[in-house]
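Residue numbers (full-length UniProt numbering): 1 to 920.
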């Protein structure tokens, strides 16, 4: 079957991309795109006249325009450095030439000039005079070879992958190569969003893509712009972007619900999950469309969830799609527990106390009927007829009906009392709109949205940290402390580090604060820390500078909760702290004390939302009507998902870097995500096409699944800390990586050997120890072989005797008066000096005499006279020299091995009573 893509030259699409890129303004960019779509459709009509079987799907062009959205094609495993090497090879460039260096160092402003940072543009200017004047490939050809490259990368067939890439580059012009490179790198730089491109294709394209995540389905279903998609299409085993809730205050709910009754639900502390079922086949998808089926089970005999819930589905239920939250259930406590207190829900031990439990709050398909366009009230009725709840495996979400702001406040206060994160309010008439947040009819209400509801802490600044970017020359973050209750002259005599803060204040406020501190900052030296400042054991928490408490000020801080931390002197710290106010009106010594901190920490198990919301002054609300429900879920403390909405950016360190953080501890995961966002990065819950790397603290089940795909570099969390400490994005070294993609392995192979030893960087004591630890025991050479090889190397490298290889071929045993073996720690000082002198000059020291021994030294420092015995003859036959230490000392002085006979102990001077001296 013929297609339009087989007849449209790739050059036409590249010219379109260049036009869009050059235009200024959204409307001007969209116009050539719409014209190209019309051109495609008109071209089909012409082809259809002569060949009625020609298909007109715009998908081949769309998947090239939006490579970051293309999910059918696997990763290419090709990045800028690999492309640079291939271009140098294809066009026979000298590696040391200016053009080759521009490609290899495309990020350098000096080498790449104005195009620095954009590899495709640098490649275009380097190759425009070397490339063919006319390309020969169509859009179909480009897709064919890109599919082949992706398949060969997945199969680890490097030769075929390279062959396909060479074919593409040798048959395209410089302009085509520029846009081909951007398509391969999945970074088009068109200046318009994916939504704008989808809307240009069809009014409903964005909505359908949000549901299906499939460009092919969008292009096939909406090829006629005059036909609208009235019902959102949700299909089995195809992930869609879930409907979301917008933020709201309790006083806003009635207005947003237009005075009509609404539902209130518990906000679970878990991960969003879709369950797709067709008979005995199951699939699970995360919020980001990541396939979690391997963890939960694709059949009733696999996984940690499907085998337990398969029989809960009622007779006649063959197909369904359920939306909900996967949470952690404790069998010991018989309740749902906080993910933050425990572990990754996808990394639970199979026989442990905790297990996954699926809390269902919506249904999108039942058998062959799509339910998304039905109101929520009707969808809920279908849920109850779909499965029978199992308390610790699959359950319905509790819902109550309410109609006033007062009722919202009451439910929020219950959540605060139970240490929950908040509540969700839903319009009973709302239809399910994938990826919809604002205006969809779902609201989330949390205590931190409400003024004066969270406890605020008065803390003293005792240290500071230099920032990055605009803040690189100023203190932008502060170390905060609480005071000891013990006092001297009515003032606290000690302060304990408690938290770091770097957000909540404006540049103006920071400037004013810096002016007040002025020259009072002093460089911090942990070895000379003032006795009245207890900083704690965390190295990364140690400040760059410190300040006398009497010269400092108090800041009023708001946070979500107090959590455990070994990095601060208080053994706890704040979660998501931000400065609410700088208290110039308060004296420095009037800050929170350790006793007040303990009281607050014990009051609500660390949660700082201890105050209750005040209901609005309205008539008492009518009694709430409850929908029939299962047993209410009880939730353990510290119930809160990641929230980076209040994080203030302090640097561009991770700019344009999408990072997926997977930690077993939610508390540490949230802290790491906040740190990444604070330094310009973007965090996602599941890796996607644009993910730079996955960061983890240990290899959980979820991490293992990601490693199996070989699509992402999995990096140790210490790399993030090192980048922030060095204030620059560090290149990965082997020790940073838990798993490397093929492309990364190739790059590292040019810089490191298989044990992690750098070809260009000087080794340090620490790095050398790591290198040695990477060498398997079976690969270690024997000491004998090593010494011989080192001796041969020294002979080839040095024209004269190497001073540090003087005794390289000597195996020396030091003999004591009483023992055959002298433990090093038992040698006296003079003998230890002799031992080190011999080692320093290359000697192999024996612990006892054996077949390798060539020299025996009798130290005079041991109080022994020159003696020999009958066994002397046996030693002579073995060619073992028995010498005084003078031989070693004189050889070192002369820098050559002296004749042993001049230093040997003579037999004539022997006293036969000492024969045991040489009984080896």
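Even glycine gets a Cβ: it sits at the ideal position worked out from N, Cα and C. All figures in this text were calculated on a predicted structure; none of them were measured in a lab.
N-terminal and C-terminal residue of the beta strand (DSSP E) that residue i is part of
i: residue 683; result: 682-684
i: residue 483; result: 475-483
i: residue 808; result: Per DSSP, residue 808 belongs to no beta strand (DSSP E) and is neither H nor E.
i: residue 325; result: 319-330
i: residue 444; result: 442-445
i: residue 738; result: 737-739
i: residue 283; result: 281-286
i: residue 835; result: It is not in any beta strand (DSSP E) - residue 835 instead sits in the alpha helix (DSSP H) that spans 829-840.
i: residue 582; result: 578-583
i: residue 691; result: 691-696
i: residue 574; result: 572-575
Assigned exposure category for residue i - 16 Cβ within 10 Å defines buried
i: residue 98; result: exposed
i: residue 959; result: Residue 959 is absent from the model: the chain starts at 1 and stops at 920.
i: residue 760; result: exposed
i: residue 44; result: buried
i: residue 901; result: exposed
i: residue 32; result: buried
i: residue 10; result: buried
i: residue 121; result: buried
i: residue 436; result: buried
i: residue 129; result: exposed
i: residue 201; result: buried
i: residue 592; result: buried
i: residue 241; result: buried
i: residue 206; result: buried
i: residue 852; result: exposed
i: residue 92; result: exposed
i: residue 539; result: exposed
First and last residue of the uninterrupted alpha helix (DSSP H) at residue i
i: residue 307; result: 306-309
i: residue 379; result: 376-384
i: residue 769; result: 765-773
i: residue 461; result: Here residue 461 belongs to no alpha helix (DSSP H); instead the beta strand (DSSP E) covers 456-466.
i: residue 497; result: Counting along the chain, residue 497 falls outside any alpha helix (DSSP H), though it belongs to the beta strand (DSSP E) covering 495-501.
i: residue 253; result: 253-256
i: residue 201; result: 194-201
i: residue 748; result: 742-749
CA nearest to the CA of residue i, picked from the options
i: residue 362; options: 201, 729, 383 and 256; result: 383
i: residue 573; options: 581, 583 and 557; result: 557
i: residue 303; options: 316, 332, 327 and 350; result: 350
i: residue 710; options: 255, 156, 35 and 587; result: 156
i: residue 337; options: 269, 312 and 589; result: 269
i: residue 884; options: 812, 514 and 243; result: 812
i: residue 423; options: 386, 430, 433 and 412; result: 412
i: residue 666; options: 677, 685, 523 and 23; result: 685
i: residue 371; options: 3, 430 and 394; result: 430
i: residue 291; options: 239, 248 and 125; result: 239
Residue i - DSSP class collapsed to helix/strand/coil
i: residue 511; result: helix
i: residue 276; result: strand
i: residue 247; result: strand
i: residue 591; result: coil
i: residue 517; result: helix
i: residue 395; result: strand
i: residue 123; result: helix
i: residue 903; result: coil
i: residue 543; result: coil
i: residue 334; result: coil
i: residue 717; result: coil
i: residue 387; result: strand
i: residue 555; result: strand
i: residue 296; result: helix
i: residue 928; result: This structure cannot speak to residue 928, because the chain is shown only from 1 to 920.
i: residue 96; result: coil
i: residue 7; result: coil
i: residue 844; result: strand
i: residue 734; result: helix
**Request:** Ignoring anything shorter than 4 residues or poking outside the region 127-160, list the alpha helix (DSSP H) runs there in chain order.
**Result:** 139-154
**Request:** Would you list, in sequence order, the uninterrupted alpha helix (DSSP H) runs of no fewer than 4 residues that lie entirely inside the region 18-92?
**Result:** 26-50, 59-65 and 80-90
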